[in-house]
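Below: the structure, in structure tokens.
There are 2 protein chains.
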Amino acid sequence: MTTRKITVKENILSANAETADNNRTCLDNRQVRMINLMSAPGSGKTELILRTIDQLRTKYRIAVIEGSIASSIDADKITQKNVPAVQINPSGGCHLDARMIQQAFGALDLERTDLILLENVGNLVCTADFDLGAHKDVVILSIPEGDDKPLKYPLVFVEADAIVINKMDVLPYFNFDLDAFAEVLGGLNPSARVFRVSAKTGEGMNDWFSWVEETLA
Amino acid sequence: MTTRKITVKENILSANAETADNNRTCLDNRQVRMINLMSAPGSGKTELILRTIDQLRTKYRIAVIEGSIASSIDADKITQKNVPAVQINPSGGCHLDARMIQQAFGALDLERTDLILLENVGNLVCTADFDLGAHKDVVILSIPEGDDKPLKYPLVFVEADAIVINKMDVLPYFNFDLDAFAEVLGGLNPSARVFRVSAKTGEGMNDWFSWVEETLA
Numbered sequence: 000m001t002t003r004k005i006t007v008k009e010n011i012l013s014a015n016a017e018t019a020d021n022n023r024t025c026l027d028n029r030q031v032r033m034i035n036l037m038s039a040p041g042s043g044k045t046e047l048i049l050r051t052i053d054q055l056r057t058k059y060r061i062a063v064i065e066g067s068i069a070s071s072i073d074a075d076k077i078t079q080k081n082v083p084a085v086q087i088n089p090s091g092g093c094h095l096d097a098r099m100i101q102q103a104f105g106a107l108d109l110e111r112t113d114l115i116l117l118e119n120v121g122n123l124v125c126t127a128d129f130d131l132g133a134h135k136d137v138v139i140l141s142i143p144e145g146d147d148k149p150l151k152y153p154l155v156f157v158e159a160d161a162i163v164i165n166k167m168d169v170l171p172y173f174n175f176d177l178d179a180f181a182e183v184l185g186g187l188n189p190s191a192r193v194f195r196v197s198a199k200t201g202e203g204m205n206d207w208f209s210w211v212e213e214t215l216a
Numbered sequence: 000m001t002t003r004k005i006t007v008k009e010n011i012l013s014a015n016a017e018t019a020d021n022n023r024t025c026l027d028n029r030q031v032r033m034i035n036l037m038s039a040p041g042s043g044k045t046e047l048i049l050r051t052i053d054q055l056r057t058k059y060r061i062a063v064i065e066g067s068i069a070s071s072i073d074a075d076k077i078t079q080k081n082v083p084a085v086q087i088n089p090s091g092g093c094h095l096d097a098r099m100i101q102q103a104f105g106a107l108d109l110e111r112t113d114l115i116l117l118e119n120v121g122n123l124v125c126t127a128d129f130d131l132g133a134h135k136d137v138v139i140l141s142i143p144e145g146d147d148k149p150l151k152y153p154l155v156f157v158e159a160d161a162i163v164i165n166k167m168d169v170l171p172y173f174n175f176d177l178d179a180f181a182e183v184l185g186g187l188n189p190s191a192r193v194f195r196v197s198a199k200t201g202e203g204m205n206d207w208f209s210w211v212e213e214t215l216a
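First to last, the sequence lines map onto chains A and B. For what it's worth, numbering that gives the first Met the number 0 labels the leading residue of the first sequence as 0, then goes sequentially. For what it's worth, numbering that gives the first Met the number 0 labels the leading residue of the second sequence as 0, then goes sequentially.
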């Protein structure tokens with residue numbers, strides 16, 4: 000029984016990896032870069048995306064893919080910025096897969112896009128398993144969630160190119176130990192870039208913007 | 000392809016529902032009550048459980064089942080309270096199922112237990128699908144996560160018997176609209192009991208303790 004389950008999962012992931020590679024090639028051929036933003040619910044993914052659009056829209060043509068279990072609250076906020084946005088509701092599912100992203104590409108004008116910001120489903124577990132074809136995978140962790148999250152949800156942190164610690168403005172009101180976090184993350188993923196930001200106040204955001212620009216270079 | 004996927008999911012959920020019913024019967028036969036606590040990562044499930052143990056341990060024999068993707072951080076905190084605790088690591092999986100709970104029962108002395116507090120995996124999506132055999136399902140939502148979560152993750156809120164709004168002590172630092180939340184929740188699940196608490200400061204916790212005691216009556 001266990002063996003069968005693993006085989007099914009392996010087949011799904013291997014088919015997904017192939018589609019993800021195709022997605023990346025499709026983007027590379029058109030000089031588009033895609034950044035996949037993953038986090039728990041409520042960590043501030045949408046706010047980070049909105050601020051990134053504000054900062055970089057005059058230099059780059061940005062599009063957004065929004066993954067939400069239900070509702071179009073986030074996609075509506077993006078649309079108000081007048082940037083192309085595609086929403087994917089994985090109808091009760093808990094993660095996006097590469098095929099959904101491939102379909103979303105069809106609704107975007109990739110020839111006129113430099114950067115796709117992909118807001119993944121709010122889920123620290125299931126999102127980690129699925130390569131979507133992004134060039135960079137980013138985890139956003141907010142101060143109120145606590146410094147122990149890399150120990151509890153290791154896979155998503157191990158695979159990330161960058162970690163954004165968001166809501167730094169409320170650090171005084173929570174027991175988040177930045178040194179303890181750095182030590183744990185150093186053991187799991189020493190090469191990840193770490194940004195300490197408040198998307199709300201703007202604190203630390205310039206370093207994040209620079210890193211996004213580097214991925215576009 | 001879609002049809003096959005749905006069938007597999009239905010079969011899994013129907014087998015799970017049967018095991019969940021068996022779990023409930025097993026508990027009922029021994030006058031044990033089980034409360035299933037679900038939330039996103041970092042909302043304060045463990046702290047709520049620790050405070051509930053402190054308050055009720057002189058009146059009831061409490062045991063804890065801990066679901067964690069990785070690490071034993073939470074189970075260790077519980078064990079320090081000298082209450083029986085079983086940890087389930089669903090090895091890479093994103094949710095608990097009724098069979099895992101059935102196995103956990105084997106590691107507890109149910110004849111000498113009045114109340115099982117079940118800490119589910121930190122996940123607002125996948126946990127909602129699986130009946131575990133609990134008598135009450137509770138969702139914990141913390142203030143920093145935002146008031147829009149019932150719209151974004153409706154299923155878990157629709158099915159809950161109670162919602163605990165935690166971290167009320169930091170309300171002044173976040174844009175959480177309690178009235179807006181109440182309105183949305185009223186549309187989805189008007190019969191759910193709602194508690195506004197801070198497990199950290201103790202604010203509002205007496206109502207929560209009373210409700211837990213009512214489930215034991």
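We put the CB at the ideal spot given by N, CA and C, even for glycine. These figures come from a predicted structure and were not determined experimentally.
Legend entry - Of the listed residues A:A161, A:V157, A:H94, A:I142, nearest to A:N174 (C-alpha basis): Answer by Cα proximity: A:I142.
Inset, instruction - Please state whether DSSP places A:R32 in a helix, a strand or coil. - result: Here A:R32 sits in strand by DSSP.
Inset, instruction - Could you list the residues in the region 141-156 of chain A with a C-beta less than 7 Å from some C-beta on chain B, going in chain order? - result: Near chain B, meaning a CB-to-CB distance below 7 Å, the residues of the region 141-156 of chain A are S141, P143, E144, G145, D147, K148, L150, K151, Y152, P153.
Legend entry - Test: A:S67 CB closer than 8 Å to a CB of chain B: With 8 Å as the cut-off, A:S67 counts as an interface residue toward chain B.
Inset, instruction - Determine the closest residue to A:A16 out of A:A97, A:V120, A:Y59, A:I52, with distance taken between C-alpha atoms. - result: Closest by alpha carbon: A:A97.
Legend entry - N- and C-terminal bounds of the beta strand (DSSP E) containing B:S209: Careful: B:S209 lies outside any beta strand (DSSP E), inside the alpha helix (DSSP H) at 204-215.
Legend entry - alpha helix (DSSP H) runs contained entirely in the region 145-173 of chain A, provided each spans 4 or more residues: 148-151, 153-157, all fully within the region 145-173 of chain A.
Inset, instruction - Answer with buried or exposed for A:I139, where buried requires no fewer than 16 other C-beta atoms within 10 angstroms of its C-beta. - result: Buried: at least 16 other Cβ atoms inside 10 Å.
Inset, instruction - At 8 Å on the CB atoms, spell out the chain A contacts of B:K166, in chain order. - result: Residues of chain A passing the Cβ test: P143.
Legend entry - Within chain B, the residues that A:V120 reaches when beta carbons sit closer than 8 Å: Near A:V120 (Cβ distances below 8 Å), the residues of chain B are V124.
Inset, instruction - Run the CB neighbour count on B:A14, radius 10 Å, all protein chains shown included, and call it buried at 16 or more, exposed below. - result: Exposed: under 16 other Cβ atoms inside 10 Å.
Inset, instruction - With 8 Å as the threshold, decide whether the Cβ of A:V63 is near any Cβ in chain B. - result: No, its Cβ sits nowhere closer than 8 Å to a Cβ of chain B.
Inset, instruction - Using a threshold of 8 Å, state whether the C-beta atoms of B:L55 and B:I64 are closer than that. - result: No, Cβ-Cβ distance for B:L55 and B:I64 is not below 8 Å.
Legend entry - Any chain A beta carbon closer than 8 Å to B:V169: B:V169 belongs to the set of residues whose beta carbon lies under 8 Å from a beta carbon in chain A.
Inset, instruction - Starting from B:F194, follow its DSSP beta bridges and name the residues at the other end. - result: B:F194 is bridged to B:V163.
Legend entry - Spatially closest choice to B:L154 from B:E213, B:Q86, B:I100, B:D136, by CA coordinates: Looking only at B:E213, B:Q86, B:I100, B:D136, the smallest Cα-Cα distance to B:L154 is reached by B:D136.
Legend entry - Residue span of the alpha helix (DSSP H) that contains B:E182, given as start and end: 177-187 is the span of the alpha helix (DSSP H), which, as asked, contains B:E182.
Legend entry - Where the alpha helix (DSSP H) through A:K135 begins and ends: In this chain, A:K135 is not harboured by any alpha helix (DSSP H); it is covered by the beta strand (DSSP E) spanning 135-141.
Legend entry - Contact set between A:S70 and chain B, taken where Cβ atoms lie within less than 7 Å: L150, K151, listed in chain order.
Inset, instruction - Go ahead and label B:D75 buried or exposed: buried means 16 or more other beta carbons lie within 10 angstroms of its beta carbon, across all protein chains shown. - result: B:D75 is exposed by the Cβ-count criterion.
Legend entry - Partner residues on chain B for A:G41, Cβ-Cβ distance less than 7 Å: Residues of chain B whose Cβ lies closer than 7 Å to the Cβ of A:G41 are, in chain order, A39, P143, E144, G145, K148.
Inset, instruction - Tell me whether B:N122 sits in a helix, a strand or coil according to DSSP, three-state version. - result: Of the three classes helix, strand and coil, the one that applies to B:N122 here is coil, per DSSP.
Inset, instruction - Can you grab the Cα-Cα spacing for the pair A:L12 / A:D128, in whole Å? - result: When rounded, the distance between both Cα atoms is 8 Å.
Inset, instruction - Take A:L107 as the anchor and find which of A:S70, A:L117, A:V85 has the nearest alpha-carbon. - result: Of A:S70, A:L117, A:V85, the residue nearest in Cα terms is A:V85.
Legend entry - Neighbourhood of A:A103 by C-beta, 8 Å cutoff - its chain only, sequence neighbours within 5 removed: The beta carbon of A:A103 sits closer than 8 Å to the beta carbons of I64, V85, I87 from its chain, once the five residues preceding and following it are set aside; these are given in chain order.
Inset, instruction - May I have the straight-line CA-CA distance separating A:E158 from A:G92, to the nearest angstrom? - result: Roughly 22 Å between the two C-alpha positions.
Legend entry - Local conformation of B:Q86 per DSSP, three classes: Collapsing the DSSP output to three states places B:Q86 in a strand.
Legend entry - Assigned exposure category for B:D58 - 16 Cβ within 10 Å defines buried: According to the sequence shown, residue 58 of chain B is Lys rather than Asp. The residue is exposed, with fewer than 16 neighbouring Cβ atoms inside 10 Å.
Legend entry - A:V120 versus A:N10, A:R50, A:M37, residue with shortest Cα-Cα distance: Closest by alpha carbon: A:M37.
Legend entry - Within chain B, the residues that A:Y172 reaches when beta carbons sit closer than 7 Å: Residues of chain B passing the Cβ test: V169, Y172.
Legend entry - Helix, strand or coil at A:A62 according to DSSP, with G and I counted as helix: Strand at A:A62.
Legend entry - Nearest-angstrom beta carbon gap, B:V183 and B:L150 [assumed within contact, 8 Å]: For B:L150 against B:V183, the beta-carbon gap comes to about 6 Å, under 8 Å, which counts as contact.
Legend entry - Inter-residue spacing [alpha-carbon to alpha-carbon] between B:A198 and B:N165: Approximately 7 Å, taken between the alpha carbons.
Legend entry - A:S70 in three-state terms, based on DSSP: Secondary structure at A:S70: coil, using DSSP grouped into helix, strand and coil.
Inset, instruction - On a CA-only basis, which of B:V124, B:E118, B:R32, B:E213 is nearest B:S71? Give me that one, please. - result: The shortest Cα separation from B:S71 among B:V124, B:E118, B:R32, B:E213 belongs to B:E118.
Inset, instruction - Return helix, strand or coil for B:L117, following the three-state DSSP convention. - result: Assignment of B:L117 by DSSP, reduced to helix, strand and coil, places it in the strand class.
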